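Residue numbers (this note's numbering), protein chains in the order written: chain A, 1 to 434; chain B, 435 to 868. Heads up, the beta-carbon is just placed ideally off N, CA and C, and yes, glycines get one too. None of these values were measured; they are calculated from a predicted model. Please read the structure below before turning to the comments.
Number of protein chains: 2
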Amino acid sequence: MVYTDIANRTYNHNWRLDPIVRSLLDTDFYKLLMLQMIRHLYPEVQATFKLINRTQSVRLAEVIDEGELRAQLDHARSVRFGKKELIWLAGNSFYGERQMFSPDFIAWLADFRLPDYDLRKVDGQYELCFHGPWTHSSMWEIPALAIINELRSRAAMKGRGRFELDVLYARAKAKLWEKVERLAQLPDLVISDFGTRRRHGFLWQRWCVEALKERLGRRFIGSSNVLLAMDADLEAIGTNAHELPMVLAALAEGDEGLAAVPYRVLEDWRNHYAGNLLVVLPDAFGTAAFLRHAPDWVADWTGFRPDSAPPIEAGERIIRWWREKGRDPRSKLLIFSDGMDVDSIEATYRHFAGRVRMSFGWGTNLTNDFRGCAPFATTGLDPISLVCKVVEANGRPAVKLSDNPAKATGEPEEIARYLQVFGGEGRLEKEVEV
Amino acid sequence: MVYTDIANRTYNHNWRLDPIVRSLLDTDFYKLLMLQMIRHLYPEVQATFKLINRTQSVRLAEVIDEGELRAQLDHARSVRFGKKELIWLAGNSFYGERQMFSPDFIAWLADFRLPDYDLRKVDGQYELCFHGPWTHSSMWEIPALAIINELRSRAAMKGRGRFELDVLYARAKAKLWEKVERLAQLPDLVISDFGTRRRHGFLWQRWCVEALKERLGRRFIGSSNVLLAMDADLEAIGTNAHELPMVLAALAEGDEGLAAVPYRVLEDWRNHYAGNLLVVLPDAFGTAAFLRHAPDWVADWTGFRPDSAPPIEAGERIIRWWREKGRDPRSKLLIFSDGMDVDSIEATYRHFAGRVRMSFGWGTNLTNDFRGCAPFATTGLDPISLVCKVVEANGRPAVKLSDNPAKATGEPEEIARYLQVFGGEGRLEKEVEV
């Protein structure tokens with residue numbers, strides 16, 4: 001006998017859309033940590049975030065229907081933090097800390113909604129901008145990226161047969177499991193999911209996270225995705241991002257003020273968080289410059305997250321610096337999260353084993369590696385390098401230099417000024433794959 | 435919101451077992467074709483069928499729980515042909531023929547049920563016998579094999595994690611699809627599913643059949659499984675099996691009577707069926723002997739199904755024989771179904787292309803190839819060579835010689851007598867894998 005739940009099926013008939021973002025917790029944890037600080041220190045700053053597709057060969061506006069995109073963005077704007085979600089944020093411990101979010105901040109979140117967006121097509125691409133208070137425009141970063149990436153996946157799979165799709169996911173699961181089996185060979189691995197922004201789709205990310213939880217056990221410490229962390233009883237993982245130094249740099253007065261920003265950001269941060277959250281993101285304006293001018297107290301922080309240099313080289317440089325500062329690297333933490341995959345995780349793990357504590361943030365190559373999996377011809381499932389960056393604060397242009405010039409953002413004249421202030425030492429052009 | 439159909443879930447709580455055989459159509463089509471003839475010509479013959487595990491290294495009675503086995507066999511005995519199923523058998527065309535099954539036979543099926551069974555454990559194996567009228571004991575062959583194979587699969591997967599199982603099936607799907615993609619390169623392929631008896635499980639067989647239907651289109655001509663053929667609107671495929679000459683041989687009087695059996699069986703068959711059903715199964719007592727003594731009219735039949743010799747060698751022998759008889763092999767059909775997999779299908783297809791019509795019956799390596807797929811250590815999912823053979827008719831022992839002595843069945847003295855009557859010419863020992 002075939003049993004069908006008629007009411008449920010009928011309800012499904014009437015879906016207006018299959019929403020991609022269904023919760024405001026479906027974002028990266030660092031957004032919430034940063035948000036609390038931004039709201040506290042910079043509530044009046046206006047900031048504009050903008051979608052940047054580094055993979056220009058993929059003409060997103062020809063792949064993704066504008067009506068669908070608007071419907072998904074509009075739906076995300078209709079979502080609010082749920083009561084249960086706020087209770088969890090208030091009551092959960094993060095990195096062993098209770099009450100990481102103040103009652104005042106939680107109360108403020110209850111009324112939060114994503115601000116409006118500006119969308120237009122320019123030369124086969126979407127120009128998608130979010131204006132408004134920094135506290136609001138910032139929160140679009142992850143949902144906007146997740147929406148565009150998932151709509152692109154959906155477009156690549158539209159009209160495909162049921163078994164082709166089944167085989168696609170079967171292969172993707174088999175492929176991921178091969179990776180996980182290799183990771184399972186590393187006894188002291190510490191790894192987490194950082195793949196929300198570039199994911200193939202929400203349901204696929206959830207599969208990946210739950211599969212890692214089952215197979216890697218305690219070595220899989222959690223997910224940057226707050227919703228998945230909550231649902232799967234995992235740690236929410238993350239610290240801070242480039243937008244903090246970028247906005248403060250945009251607002252800084254004069255070259256001297258600009259030069260001080262990378263350390264002022266850390267002071268702001270230290271006034272809000274402690275312990276495992278004291279992780280330095282050194283590369284916004286170049287790691288070499290950052291380390292050369294860093295005050296001694298920076299070496300007291302728990303760790304570094306090098307985000308745009310080759311991991312072994314970047315790690316060695318930071319270890320050398322800790323030693324110069326008289327610190328024992330074995331008590332320090334390096335977090336590797338820039339385009340990592342199993343090969344680079346294995347190599348980095350083996351290289352630094354016993355010399356420093358390590359943690360890996362596995363992103364795009366965890367949640368969106370369908371290369372070779374489609375039983376039909378398509379490039380529409382290959383990940384692209386899509387980011388959503390702050391481009392302006394209080395009307396002044398924002399810049400990121402990065403250790404990799406291919407990841408730099410900002411207007412050319414401003415980039416030139418920043419390079420003069422920070423120097424271009426140690427920057428190395430490297431193809432950005434994901 | 436999580437939506438659960440409470441009534442359905444509650445119903446599921448109360449399952450006594452998850453039945454393996456849920457329909458009497460979940461059997462091979464040739465059983466029904468043979469049954470109609472057996473009922474017509476030999477309604478009084480008593481026959482015993484017996485389970486034979488050629489893979490003695492797998493101790494089935496230590497793997498499969500006896501209580502579960504009895505529950506499944508008992509459940510199969512409770513199943514009747516459904517009204518819709520009988521209407522379909524009566525109204526459907528098979529191989530382009532209307533009314534293949536007589537109204538009288540259909541009416542008789544309405545009351546059919548599987549007879550009782552004898553089950554005991556002997557030295558780590560199950561001794562499982564079916565006694566009764568040939569018309570009834572014969573019908574146990576496929577459900578008994580399907581039940582034991584599926585219970586063995588279930589035992590191998592018991593207690594495994596949700597993601598381990600998901601990866602297992604993901605890999606199996608990916609593996610099958612690689613095979614199907616290779617087959618899709620053969621433009622004139624004619625292939626069908628022959629995998630019921632050795633399947634991993636019913637749901638997996640259904641997946642395989644539907645996947646082949648989607649990907650191979652008209653080159654996938656159907657399934658030997660009558661239920662799946664009905665449900666998926668495919669052709670039911672099959673002709674006849676060794677039990678016909680085996681029973682008649684057991685009943686034959688004297689060596690001369692025995693020697694005539696292979697041809698008398700064909701005369702019986704020809705009186706019941708025509709066209710594509712006129713397929714000779716030549717190897718019950720050795721193909722060489724069969725061909726040497728075959729009357730000319732055998733060469734008028736549509737085709738041969740060599741079932742225990744290497745396919746190319748067997749095909750060449752039959753083509754040679756057709757030529758000797760003055761027939762054009764290009765109008766004739768060879769059906770290959772003995773342990774075929776993609777390598778042997780490709781090789782056979784290429785070897786005979788343009789010289790003869792070919793059709794492939796893909797069995798165990800279609801519906802039960804999980805080798806290398808489990809993300810946990812097990813040999814419990816490797817297929818075994820399990821058959822259910824007639825061993826006795828009206829109290830007299832039955833024998834099969836086969837072209838491969840490893841596939842012979844029967845008591846040693848009787849085998850010796852048969853070898854004297856038919857000769858052992860051209861028989862070649864070859865490991866039986868599936």
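Tell me where the beta strand (DSSP E) around residue i begins and ends.
| i | result |
| --- | --- |
| residue 486 of chain B | 481-487 |
| residue 796 of chain B | 791-796 |
| residue 592 of chain B | No beta strand (DSSP E) contains residue 592 of chain B, which DSSP labels as neither H nor E. |
| residue 822 of chain B | 820-827 |
Taking residue i as part of the alpha helix (DSSP H), name the residues at either end of that continuous run.
| i | result |
| --- | --- |
| residue 173 of chain A | 162-183 |
| residue 88 of chain A | 83-91 |
| residue 125 of chain A | From DSSP, residue 125 of chain A is part of no alpha helix (DSSP H) but of the beta strand (DSSP E) over 125-130. |
| residue 699 of chain B | 688-706 |
| residue 352 of chain A | 342-352 |
| residue 136 of chain A | 134-137 |
| residue 496 of chain B | 494-497 |
| residue 67 of chain A | 66-78 |
| residue 749 of chain B | 745-758 |
| residue 383 of chain A | First-last for residue 383 of chain A: undefined, no H or E at that position. |
Is any beta-carbon of chain A found at less than 8 Å from that of residue i?
| i | result |
| --- | --- |
| residue 803 of chain B | no |
| residue 401 of chain B | Outside the displayed span of chain B (435 to 868) sits residue 401 of chain B, for which this structure offers no information. |
| residue 607 of chain B | yes |
| residue 499 of chain B | no |
| residue 442 of chain B | yes |
| residue 460 of chain B | no |
| residue 477 of chain B | no |
| residue 745 of chain B | no |
Which partner residues of residue i appear in the DSSP bridge assignment?
| i | result |
| --- | --- |
| residue 843 of chain B | B:834 |
| residue 225 of chain A | A:28 |
| residue 236 of chain A | A:223 |
| residue 556 of chain B | B:559 |
| residue 768 of chain B | B:738, B:792 |
| residue 528 of chain B | B:531 |
| residue 192 of chain A | A:222, A:361 |
Would you say residue i lies against chain B (beta-carbon separation less than 8 Å)?
| i | result |
| --- | --- |
| residue 210 of chain A | yes |
| residue 170 of chain A | yes |
| residue 231 of chain A | no |
| residue 405 of chain A | no |
| residue 375 of chain A | yes |
What does residue i reach in chain A if we use C-beta pairs closer than 9 Å?
| i | result |
| --- | --- |
| residue 595 of chain B | 214, 215 |
| residue 716 of chain B | What residue 716 of chain B touches in chain A: nothing, since even the nearest Cβ is about 37 Å away. |
Chain A partners of residue i, CB-CB under 7 Å?
| i | result |
| --- | --- |
| residue 601 of chain B | 173, 174, 177 |
| residue 679 of chain B | Chain A residues near residue 679 of chain B: none, gap ~39 Å exceeds 7 Å. |
Give a yes or no on whether the C-beta atoms belonging to residue i and residue j are separated by under 8 Å.
| i | j | result |
| --- | --- | --- |
| residue 678 of chain B | residue 699 of chain B | yes |
| residue 633 of chain B | residue 812 of chain B | no |
| residue 764 of chain B | residue 789 of chain B | yes |
| residue 5 of chain A | residue 442 of chain B | yes |
| residue 631 of chain B | residue 579 of chain B | yes |
| residue 585 of chain B | residue 808 of chain B | no |
| residue 729 of chain B | residue 697 of chain B | yes |
| residue 224 of chain A | residue 194 of chain A | yes |
| residue 836 of chain B | residue 827 of chain B | no |
| residue 156 of chain A | residue 64 of chain A | no |
| residue 871 of chain B | residue 680 of chain B | Given that chain B is displayed from residue 435 to residue 868, the structure contains no residue 871 of chain B and the question cannot be resolved. |
| residue 261 of chain A | residue 134 of chain A | no |
| residue 318 of chain A | residue 306 of chain A | yes |
| residue 614 of chain B | residue 646 of chain B | yes |
| residue 626 of chain B | residue 597 of chain B | no |
| residue 484 of chain B | residue 803 of chain B | no |
| residue 563 of chain B | residue 482 of chain B | yes |
Which residues of chain B have a Cβ atom closer than 8 Å to the Cβ of residue i, listed in chain order?
| i | result |
| --- | --- |
| residue 95 of chain A | By Cβ distance, chain B contributes nothing, its closest Cβ being about 27 Å from residue 95 of chain A, past 8 Å. |
| residue 3 of chain A | 442 |
Can you name the residues of chain B whose CB is closer than 7 Å to the CB of residue i?
| i | result |
| --- | --- |
| residue 143 of chain A | By Cβ distance, chain B contributes nothing, its closest Cβ being about 20 Å from residue 143 of chain A, past 7 Å. |
Just to make sure I have the definition right: I need the residues of chain B whose C-beta is within less than 9 Å of the C-beta of residue i. Which are they?
| i | result |
| --- | --- |
| residue 295 of chain A | The contacting residues do not exist; residue 295 of chain A stays about 47 Å from chain B at best. |
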